[in-house]
Amino acid sequence: MNRLANSQSPYLLQHASNPVDWWPWGEEAMTEAKRRDVPILLSVGYASCHLRLLLIHWCHVMAHESFEDESTAGFLNEHFVSVKVDREERPDIDAVYMEAVQAATGQGGWPMTVFLTPEAEPFYFGTYFPPAPKHGMPSFRQVLEGIKVAWTDRREEVGEVAGRIVRELSERTLAFGVPTAEDGGPAAPQPPTVEDPHKALMGLTRDFDAVRGGFGGAPKFPPSMTLEFLLRHHARTGSTAALQMAQATCEAMARGGIYDQLGGGFARYSVDASWVVPHFEKMLYDNALLCRVYAHLWRATGSELARRVALETADFLVREMRTEQGGFASALDADSAVPGDVSGKHVEGAYYVWTPAQLREVLGEQDAALAAAHFGVTEDGTFEEGASVLQLPDTEQLMEAGKIASLRARLLAARAERPRPGRDDKVVAAWNGLAIAALAETGAYFDRPDLVQAATDAADLLVRTHMDWQARLFRTSLDGVAGANAGVLEDYADVAEGFLALSGVTGEGVWVDFAGLLLDTVLVHFTAPNGSLYDTADDAEALIRRPQDPTDNATPSGWTAAAGALLSYAAYTGSSPHREAAERALGVVRVLGPKVPRFISWGLAVTEALLDGPREVAVVGPHDHPSTGALHRTALLSTAPGLVVAVGEPPSGAEGEQVEVPLLAGRSLVDARPAAYVCRHFTCDAPTSDPEILQEQLAGQE
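For the record, in the sequence shown the residue sitting at position 372 is 375 according to my numbering, with numbers rising by one throughout.
Given below as structure tokens:
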């Protein structure tokens, strides 16, 4: 029976035609397992999960090898209730069972394969299982048969194992290393001090790859949150080391194969330490975060490379990822059909790589030779079967800009004729929040109103489709229809962050209001008495453990993203409860920042804003007055960490008049001219009508 056919998840739809009798996660599947008295096979993955690394297993490979095999499917259907979960739709389920997998095996990955009792208690774990024994790993069929025997003959033992695992998970607490709070949970430490980011910087310096940029060895992932922390730390302290690490990493990535040298945008990660060969899938969250990082790097340094990459990445998002409803799709696959191959076989990277012969076919002999030298295409190749991933060696300036642009345009047009990678069209609230912030700011910095409009359209979609009248979010939508899954903490935090950034650029106070509604929900439904934050709401579906993780993964943790949005909202409104909540939440940075800075980097970035104030700029003046625009732009281009900007018309003086943003209240023109007020905690310096003086006021460091 095909129970996945009506799903909104492209990942679940990929499995809708399997001979396996899949169930979606839910009470019906649990009830069926109880009725039949069989265990549950839980399989978790995501649509673009086809990874090249040996240490991270293969979702699609296991699907082809096992879930499409009639014999394996028949055994599963007879002896198990099989449940499929898209980890991008249900990050809470993924987090809870991944914690169990990692605790039991010391590693994790996708596909995640977990065997559960009908009460959803786990008792056996794994990731990828091959169709035949390999490298000491049992075959999937052997695993299934072993589980069947254990369930039939050693049920009491299975129950004891499952019960012990659930107890151990429930007893795990965050290792704050501080006394227990009165409510029995971990007591939140005090907010971080100026010493904590400094200690974190020292830790990052030890991990930094001074030769190739980035941190650690292969595989290398774009360290988006770490780069944002480094830029903010430099802005607050003037640290040259922080700026140098950020610049070197950004340049290495922009010149490497991880960046699409023709169409813009970044791949998920590099399989090598030199950023040469990527895993070719492109994720919305990576590109939103990196677009913002490069825009901020340009703001700090004026780098032309940073400017180009920020704009090309923004254009990629709008061109390739935007949905008909104005939101942004989740991902582009790594695989696509090989050009000219009628078999329809999909190969990773086929859309992106080039051979010298393919260059000659498009450009002719002379221009192909120039392009090969410029992009590092060789006869031996840097990828598979003699193909090369395009890079940008240091010879970039050997050709004039016009010639480079011409070659790129011709190659991009030819590439557009190739079979395209598939796209995961679901709109994820959190990742769209990240895209809104990136596009709004990039559009403002580079005078691209079309990018600001794209951010506004996505924000409108989130309000219309993902947000209900109680300010509760749905995590996903597809084709303009909201899914059934409740938003998690990162959805509320990142959407609020996007709305606040959009308000700062457009001057529309309604986005501050919407952010406030979402953050009030965070305070009521996601916050523990000691100030720590849960990833799911207190009224969400109960799992075997309520997930709570302050560390970053591919995106900022919901915990620290919420702290950042709460802090910014307090700066716009003067709300003490929101600021106090941000400070309590940031207590975790004091413990984790010096120890694991790469995994709490967004918290460190928010800490920089806290230590700087953050500064608040209120710009008052007629919206069409040139001086209002000049002051507004000067404020937006400030590197002060976490600075918030409000711009609006001067008050009319009418009795009972309300301003859209509280930060603007009581701010008036100066000598009938537009003026800017620089404040901390709503206490302001003398206003100025001179953009140069405003720039000086905002330039102060420690």
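Beta carbons are placed, not taken as given, at the ideal position from N, Cα and C, and that holds for glycine. Please read these numbers as outputs of a predicted model, since none were measured by experiment.
query = VAL117 lies in the beta strand (DSSP E); which residues open and close that run?
reply = Working through the sequence shown from its first residue, we reach residue 117 at position 114. Here the beta strand (DSSP E) through VAL117 covers 115–119.
query = Should GLU171 be labelled buried (16 or more other beta-carbon atoms within 10 Å of its own) or exposed?
reply = Counting from 1 along the sequence shown, the entry for residue 171 is found at position 168. GLU171 should be labelled exposed.
ask   = Which two residues bound the contiguous alpha helix (DSSP H) that contains ALA499?
value = Translated into positions along the sequence shown, residue 499 becomes position 496. Its alpha helix (DSSP H) spans residues 492–509.
ask   = Going by the CB atoms, is the gap between ALA255 and GLY220 shorter than 8 Å?
value = In the sequence shown, the residue the question calls residue 220 occupies position 217. In the sequence shown, the residue the question calls residue 255 occupies position 252. Cβ distance not < 8 Å, so GLY220 and ALA255 don't count as in contact.
ask   = Can you tell which of GLY507, GLY367, GLY206 and ALA340 has the C-alpha that lies nearest to the C-alpha of VAL356?
value = Sequence index remark: in the sequence shown, residue 356 carries index 353 (1-based). Of the listed residues, the one whose Cα sits closest to VAL356 is ALA340.
task = Could you name each continuous alpha helix (DSSP H) segment of 4 residues or more that falls completely within the stretch 512–554, going from the start of the chain to the end?
result = 513–528
query = Taking the Cβ atom as the reference point for each residue, do ALA332 and GLY352 lie within a distance shorter than 8 Å?
reply = Looking up residue 332 in the sequence shown gives position 329. Looking up residue 352 in the sequence shown gives position 349. Result no, Cβ atoms of ALA332 and GLY352 do not sit closer than 8 Å.
Boundaries (first-last residue) of the beta strand (DSSP E) holding ASP210 = Locating residue 210 in the sequence shown gives position 207, counting from the first residue. ASP210 -> not in any beta strand (DSSP E); alpha helix (DSSP H) instead, spanning 198–210.
task = Can you grab the Cα-Cα spacing for the pair ALA376 / ILE261, in whole Å?
result = Here residue 376 corresponds to residue number 373 of the sequence shown, with the count starting at 1. Here residue 261 corresponds to residue number 258 of the sequence shown, with the count starting at 1. When rounded, the distance between both Cα atoms is 18 Å.
task = Name the residue from ARG593, SER578 and ASP450 whose alpha carbon lies nearest to the alpha carbon of PRO553.
result = In the sequence shown, the residue the question calls residue 553 occupies position 550. Minimum Cα distance to PRO553 is reached at ARG593.
query = Nearest-angstrom Cα distance between TRP25 and CYS294?
reply = The count along the sequence shown starts at 1 and reaches residue 25 at position 22. The count along the sequence shown starts at 1 and reaches residue 294 at position 291. If you take the alpha carbons of TRP25 and CYS294, they lie about 38 Å apart.
message = Rounding to the nearest angstrom, what Cα-Cα distance links GLU307 and TRP301 in this structure?
response = By 1-based counting over the sequence shown, the position of residue 307 is 304. By 1-based counting over the sequence shown, the position of residue 301 is 298. Roughly 7 Å between the two C-alpha positions.
message = On the criterion of 16 or more Cβ atoms from any shown chain inside 10 Å, does SER173 qualify as buried, or is it exposed?
response = Sequence index remark: in the sequence shown, residue 173 carries index 170 (1-based). It counts as exposed.
ask   = VAL380 to GLN264, Cα distance in whole Å?
value = By 1-based counting over the sequence shown, the position of residue 380 is 377. By 1-based counting over the sequence shown, the position of residue 264 is 261. Approximately 12 Å, taken between the alpha carbons.
key: Inter-stretch contact at 8 Å, needing at least 3 Cβ pairs: the stretch 90–102 / the stretch 546–563   = yes
ask   = Can you tell me the Cα-Cα spacing of PRO192 and LEU437, whole angstroms?
value = As a position in the sequence shown, residue 192 is number 189, starting the count at 1. As a position in the sequence shown, residue 437 is number 434, starting the count at 1. Those two C-alpha atoms are separated by around 28 Å.
Among GLY367, VAL392, ASP370 and ALA443, the one whose alpha carbon lies nearest that of VAL280 = The residue labelled residue 280 in the question sits at position 277 within the sequence shown. VAL280 has its Cα closest to that of VAL392, out of GLY367, VAL392, ASP370 and ALA443.
key: Helix, strand or coil at GLY112 [DSSP, three-state]   = Here residue 112 is taken as the residue at index 109 of the sequence shown, counted from 1. Coil, per DSSP.
Bridge partner(s) assigned by DSSP for ALA678 = Against the sequence shown, residue 678 aligns to sequence position 675. Answer is VAL623, bridged to ALA678.
Identity of the residue in TYR272, PHE517, LEU546 and THR468 nearest ALA568 by Cα = To locate residue 568, count along the sequence shown from 1; it is residue 565. Nearest C-alpha to ALA568: PHE517.
ask   = What do you get for ARG587, buried or exposed, if any count of 16 or more other CB atoms within 10 angstroms of its CB means buried?
value = In the sequence shown, counting from the first residue as 1, residue 587 sits at position 584. With 16 or more Cβ atoms within 10 Å of its Cβ, ARG587 is classed as buried.
query = Say the cut is 7 Å; is the CB of LEU7 nearer than that to a heavy atom of the ligand ATP?
reply = Among the components modelled here there is no ligand, and therefore nothing to report on the ligand ATP.
key: Local conformation of GLY3 per DSSP, three classes   = As shown, the chain starts at 4 and ends at 705. That puts residue 3 outside it, with no answer to give.
key: C-alpha gap between GLY703 and HIS349, whole angstroms   = Along the sequence shown, one-based indexing puts residue 703 at 700. Along the sequence shown, one-based indexing puts residue 349 at 346. Approximately 54 Å between the Cα atoms of the pair.
request  = Indicate the three-state DSSP secondary structure (helix, strand or coil) for VAL742 in the structure shown.
outcome  = An answer regarding residue 742 cannot be provided, because it is not within the stretch 4 to 705 covered by the chain.
In DSSP terms, what SER85 is bridged to = Numbered from its first residue, the sequence shown carries residue 85 at position 82. Answer is TRP25 and LEU44.
request  = Give the straight-line distance between the Cα atoms of GLY651 and PRO677, rounded to the nearest whole angstrom.
outcome  = The residue you call residue 651 lines up with position 648 of the sequence shown. The residue you call residue 677 lines up with position 674 of the sequence shown. Straight-line Cα distance between these residues: approximately 10 Å.
task = List the whole-angstrom C-beta distance separating PHE143 from PRO133, where the pair is believed to meet the contact cut-off of C-beta under 8 Å.
result = The sequence position of residue 143 within the sequence shown is 140, counting from 1. The sequence position of residue 133 within the sequence shown is 130, counting from 1. Correct: roughly 7 Å between the Cβ atoms.
request  = With ALA568 as the anchor, note down where its alpha helix (DSSP H) starts and where it stops.
outcome  = What you label residue 568 is simply residue 565 of the sequence shown in a count that begins at 1. Run containing ALA568: 561–576, per the alpha helix (DSSP H) assignment.
request  = Taking LEU701 and VAL623 to be in contact with their CB atoms under 8 Å, please state how far apart those CB atoms are, rounded to whole angstroms.
outcome  = One-based indexing of the sequence shown puts residue 701 at position 698. One-based indexing of the sequence shown puts residue 623 at position 620. Between VAL623 and LEU701 the Cβ distance is about 17 Å, and since that is not below 8 Å, they are no contact.
task = Determine which residues share a DSSP beta bridge with THR686 and list them.
result = Within the sequence shown, numbered from 1, the residue matching residue 686 stands at position 683. The partner list for THR686 (beta bridge, DSSP) reads ARG683.
key: Boundaries (first-last residue) of the beta strand (DSSP E) holding PHE128   = Taking the first residue of the sequence shown as position 1, residue 128 is located at position 125. Note, PHE128: beta strand (DSSP E), 125–129.
message = Closer than 8 Å is the cut-off here; do at least three beta carbon pairs connect the stretch 530–538 with the stretch 574–588?
response = yes
request  = Output the boundary residues of the alpha helix (DSSP H) element that contains GLY606.
outcome  = Translated into positions along the sequence shown, residue 606 becomes position 603. Counting along the chain, the alpha helix (DSSP H) containing GLY606 begins and ends at 604–615.
message = DSSP three-state label for LEU58, please.
response = Along the sequence shown, read from residue 1 onward, the residue named residue 58 stands at position 55. Any reading at LEU58 is ruled out, since the residue's pLDDT is 37, under 50, leaving its predicted position unreliable.
ask   = Just how far apart, CA to CA, sit ASP693 and GLY632?
value = As a first step, residue 693 must be located in the sequence shown, where it is residue number 690. As a first step, residue 632 must be located in the sequence shown, where it is residue number 629. Whole-angstrom Cα-Cα distance: 12 Å.
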